[in-house]
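Take 1 as the starting number for the sequence shown in full-length UniProt numbering and just add one per residue. Right, one structure below, let's go through it.
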Amino acid sequence: MDLVKGCLPLCSGIMQNSVVLQHMSFVFHPKGKLDELESVMRDLMAKKEDIQRELDHPRNKGKRPNSQLRRWLHKAGETEDKVQQLLDEYSKGNCDAFSWLKNCYSRYKIGSEAFKLKDEIDVLLKDKQSEISLVETQPPLPVPASHRILGKGIASKLDTICSYLTDETVGMVGVWGMGGVGKTTLLRKIQSLLDNANMAFDHVLFIVASQNIQLEKLREEIAKKLQLPSSAGTEDIFNVLKINNFVLLLDDIWEEIDLNDLGIPHPCGDNNSTKQYKYKVVFSTRSEDVCARMGASKMIRVECLEPDEAWDLFKDNVNSDVIESDERINKIAKQVINACSGLPLALKVIGKAMSNKKTLPEWKFVLRSLESSNTKVVQGVEESLFPILKFSYDNLPDNVKNCFLSASMLQGRPKYKLLECWMGLGLVGDFVYLQEAFDKVEYILKTLEESCLLYFSHDGYMCFHDVIYEMAMWIASDCGMNRNKWIAKGYYGFTEIPTNDTKNWRFANRVMTAGDMELLPILSHQCPDLLCLMILESFLLNNIPEGFFPQMPNLMYLDLSRTGIKELPKDIKCLVNLQYLNISDTLISSLPKELVYLNKMQYLLCRDLGGLSKVEDGLMSKLQKLKVIDLYPYGWVEPDELKLLKKHIRAIGMRVVSQEVLQQLSYLPTTQLCIENLDKLISLSFDTLSCKNHGFLHALQIKSCSQLERLVMNGIETHLNDLIICDVKKLLNIIWTDLSPPEFFHMLKRLCIFRCNLTSFSWVLHLPCLFELNIEDCAEIEMLFYPEEREIQPVSECLMFPALQSLFLIKLPKLGSISNFALDFPRLSQLTVRQCLNLKKLPFRHGINNRQITYINCKRKWWESLEWDDGIIPSHLAPDYSTIFWMSKVNGRLIAANEQSLSFLFFCLHKLEIISCSNQVFKFLGFTSPKGSQNCKFSLRIISDL
1 MDLVKGCLPL
11 CSGIMQNSVV
21 LQHMSFVFHP
31 KGKLDELESV
41 MRDLMAKKED
51 IQRELDHPRN
61 KGKRPNSQLR
71 RWLHKAGETE
81 DKVQQLLDEY
91 SKGNCDAFSW
101 LKNCYSRYKI
111 GSEAFKLKDE
121 IDVLLKDKQS
131 EISLVETQPP
141 LPVPASHRIL
151 GKGIASKLDT
161 ICSYLTDETV
171 GMVGVWGMGG
181 VGKTTLLRKI
191 QSLLDNANMA
201 FDHVLFIVAS
211 QNIQLEKLRE
221 EIAKKLQLPS
231 SAGTEDIFNV
241 LKINNFVLLL
251 DDIWEEIDLN
261 DLGIPHPCGD
271 NNSTKQYKYK
281 VVFSTRSEDV
291 CARMGASKMI
301 RVECLEPDEA
311 WDLFKDNVNS
321 DVIESDERIN
331 KIAKQVINAC
341 SGLPLALKVI
351 GKAMSNKKTL
361 PEWKFVLRSL
371 ESSNTKVVQG
381 VEESLFPILK
391 FSYDNLPDNV
401 KNCFLSASML
411 QGRPKYKLLE
421 CWMGLGLVGD
431 FVYLQEAFDK
441 VEYILKTLEE
451 SCLLYFSHDG
461 YMCFHDVIYE
471 MAMWIASDCG
481 MNRNKWIAKG
491 YYGFTEIPTN
501 DTKNWRFANR
511 VMTAGDMELL
521 PILSHQCPDL
531 LCLMILESFL
541 LNNIPEGFFP
551 QMPNLMYLDL
561 SRTGIKELPK
571 DIKCLVNLQY
581 LNISDTLISS
591 LPKELVYLNK
601 MQYLLCRDLG
611 GLSKVEDGLM
621 SKLQKLKVID
631 LYPYGWVEPD
641 ELKLLKKHIR
651 AIGMRVVSQE
661 VLQQLSYLPT
671 TQLCIENLDK
681 LISLSFDTLS
691 CKNHGFLHAL
701 QIKSCSQLER
711 LVMNGIETHL
721 NDLIICDVKK
731 LLNIIWTDLS
741 PPEFFHMLKR
751 LCIFRCNLTS
761 FSWVLHLPCL
771 FELNIEDCAE
781 IEMLFYPEER
791 EIQPVSECLM
801 FPALQSLFLI
811 KLPKLGSISN
821 FALDFPRLSQ
831 LTVRQCLNLK
841 KLPFRHGINN
851 RQITYINCKR
861 KWWESLEWDD
871 GIIPSHLAPD
881 YSTIFWMSKV
891 NGRLIAANEQ
901 SLSFLFFCLH
911 KLEIISCSNQ
921 VFKFLGFTSP
931 KGSQNCKFSL
941 RIISDL
């Protein structure tokens, strides 16, 4: 009894606690919570109806709500759906007075959810975004007359499609025709018109599908265009597009694609003509059947050009002065274009190939070549193109021919991958230093681009027209006579390579695979002709089976980059003819001593191996034919080893672990350096980081050098693309001697400054190629860009940030201003500002093109507190307030919060993304779960090279 009496005051105190009472009310009075919710919901719907009534008023015809109001209306609609679902759940749950004991959890859940939704509605009712703000919707500009190079037929189809884009009853248009007929040109022309004409579309998305494309890849591309994370799912994409007017231009699809799987609101859904937003899809395909299966509202066939249009297109690509000056050449030229049957791709490629032919014998030779091949383009038969297009290939110099064919196996990859491949295959010849090889690659690429045989996307990836790619593979297979000579295949959705496919390796000269394979085949046969093997981007592949390499004794080129392989097998020593080995971006943590048997090795690329440290003494110096070594940014060799490498090395990238190593590297042609933990380093000069004249340093990291005070940028020529300065607290200024910053950093694309005390960043204003600027955790900086007062006028008149597309400002507690003058940011598309609480203004110049800034990430409270000189600017911007937790890397090193911050994070975490981190991340996540986190349900998505 005494015990009971003692507990009563405690229980009474607990029962009087407001938090406890609130949670008890969820169980005992869920109906009361629902009544309160319905009351505020009626207020919200009344406000929404008032807004909608104002929007529909005749005086507002030709106007539409700004992006913030559209977002508010979308949230209000979503909240209404949640409330209705909760009311339905309550009515079905039999939550009456007699069943509350068995439904205790259900009552608590409903009561707490009603309480939470009521708070959300209270926020919406007070939200300033609900203030009515309309922007003028200009009438669509007249579509400019099509350039004659398109031809009258194409031009009329362009006009037709544009009319469909303004027709509310047409949602999807299918464009079909044979390869090379101009479908992509037509879609590109539509994109250009939509970008320049005001047709009230918020998003114009041009996405290339191509054969064997995976839905996940398409989703990544769409997310990228929408400035969403690459891991954005179907729902994320759908939520963005459903409240916007959009056009999706989907090029080169080969089979039916379910738009719902891509997150695309269907343009042909119910009541399309009455939708608040315009959804349009225009796709191209080679097949009329695909158009039908896609459910296209309208189908348009693109056909070859008429003779007079074909003649005009040919003249635009050839030397027209030559064919107009000589009647005999003119006659031959018309016979040449007859063989092309009006196909635009053939006319363009053959025309470019003939542009340097100026004499009658040269033209006669071309005509005889085409006639002797007895070929002509047949409508709908792409293979009939190949002999015609092959003339452009035959017209190339011999060394460029091999480069073209090799490049076809690496389509969709960046330029540096080509450099590595062509070097490894011996296609760029011998070189004294890497710049020579790079210059030669640039020359070859320019030749191929001018020949219309390849092109580069806006973000620097190599692309082929699909017919040109097919032609290249046809040529590589001895003009179709030996289909298994070169094998290039993706195995997406396959855990292993089918046995029948590996049997064909017996006859192959080159093999390239990529995809989701978890296992490599156990080869029961030798592959004596196999000289080149590429197993790329297979992140699920962990090991190479024993006996795999001995079956390919003549292999000269091996690329295993961006796979999940953890170690090289010992029988790699059997590859005695190997000259090129690339194991970059894998999980390999050490180089096997068996590599010493590969005495023909010239190129050893071990970039971004997170577990790599010192390479075994003597290994590198014993490989006496080595030209290029890349251990950046983790691996290194000792100074004595470096001395021996000076005799034959042409390029080296590695980590710098001592000043002795740094001194030896000043005599070597360095390409990439990571200078880390040099505690005695006080001053550093750029011209000492590589040997004079032969250096080609294009990536530099300076990290955790606690005593570094002077960084001198001297020298007359730099090729730096990537600069990271991290945790160098004593460095206050960068010193420039020989050249100005824009001249010195004329190629710099990415600049990252972390945990530093630099006093000014004004030197980055005019860097001509700077694409990404990331400034994070710099505690003392108060203003980023502040030239002297007398310099403000001339500086502001120059073009600032001419190439900057991404700007990240994170954890800058004293930052009060970005600059003391207005900035243009002509190409800025992504802005992230986090933990910069003293920053009250964004320095956008009046009249900045706001629609170019497609993604802004920040806190709502900070955004709403900003002050604007031009009040129109924020009405055109739609910031994303979602909390983002980054687990990122600086070249593999994990940068993330500690266990305490994760303990907080796991309480509210719904999605965790681990992007481009080494296997160190598993140790990081291996701590004991914080209390309460075991009750949290969240999805884990792992993206790339873990």
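Even for Gly, the Cβ is constructed at its ideal location relative to N, Cα and C.
Annotation: the continuous beta strand (DSSP E) that includes I300 extends over K298 to R301.
Between the beta-carbon of D559 and that of L536 there is about 6 Å, and that keeps the pair under the 8 Å contact cut.
At a cut-off of 3 residues, the continuous stretches assigned as beta strand (DSSP E) that sit fully inside the stretch 171-213 are 172-176 and 203-208. Boundaries of the alpha helix (DSSP H) around C340: E327 to C340. Here F821 carries a coil assignment [DSSP, helix/strand/coil].
S406: not part of any beta strand (DSSP E); member of the alpha helix (DSSP H) spanning D398 to S408, first to last residue.
In the DSSP assignment, the residues bridged to W486 are R510. DSSP, reduced to helix, strand and coil, places F365 within a helical segment of the structure shown.
Within a 10 Å sphere around the beta-carbon of C606 sit 16 or more other beta-carbons, which makes this residue buried. The Cβ atoms of L117 and K82 sit closer than 8 Å to each other.
In the three-state scheme derived from DSSP, where H, G and I count as helix and E and B as strand, A651 is classed as strand. Rounded to the nearest whole angstrom, the CA to CA distance from D640 to Q672 is 20 Å. Under DSSP, the beta-bridge partners assigned to K703 are E676 and C726. In the structure shown, the three-state DSSP call for D251 is strand.
The residue from E864, Q435 and S584 with its alpha-carbon nearest to that of K692 is Q435. Going by DSSP, M800 is part of no alpha helix (DSSP H) at all; its letter is neither H nor E. Secondary structure note for Y279: its beta strand (DSSP E) is the uninterrupted segment Y279 to T285. Secondary structure note for C532: its beta strand (DSSP E) is the uninterrupted segment C532 to L536.
For C527, the three-state secondary structure derived from DSSP is coil. For K729, same chain residues with a beta-carbon under 8 Å away, outside a window of 5 residues either side, are S706, R755, C756 and N757 in chain order.
Between S210 and D252, the beta carbon gap of about 5 Å places them in contact (Cβ cut-off 8 Å). G111 and R860 have their alpha carbons spaced roughly 27 Å apart. Partner residues in the beta bridge of E772, as assigned by DSSP, are R750 and S806. In this structure L158 does not touch L44 by the C-beta definition: roughly 45 Å separates them, more than the 8 Å allowed. Here L37 really is in contact with A114; their C-beta atoms are around 4 Å apart, less than 8 Å. The alpha-carbon separation between L799 and F821 amounts to approximately 13 Å. Ranked by Cα distance from S613, the options D326, M654, L644 and N582 are led by M654.
Annotated three-state conformation of I629 is strand, per DSSP. By the Cβ test, the stretch 514-532 is in contact with the stretch 541-548, since at least three Cβ pairs between them sit closer than 8 Å. Less than 8 Å separates the beta-carbon of I725 from that of I753. DSSP places M783 in the uninterrupted beta strand (DSSP E) bounded by M783 to F785.
For the pair of segments examined, the stretch 275-283 was found to touch the stretch 160-176: the number of CB pairs separated by less than 8 Å reaches three. Beta-carbon to beta-carbon, L689 and S666 are separated by about 7 Å, close enough to satisfy the 8 Å threshold.
Taking a C-beta distance under 8 Å as the contact criterion, P553 and C574 qualify as a contact pair. Around the C-beta of W868, fewer than 16 other C-beta atoms lie within 10 Å, and the residue is accordingly described as exposed. The three-state secondary structure of V712, taken from DSSP, is strand.
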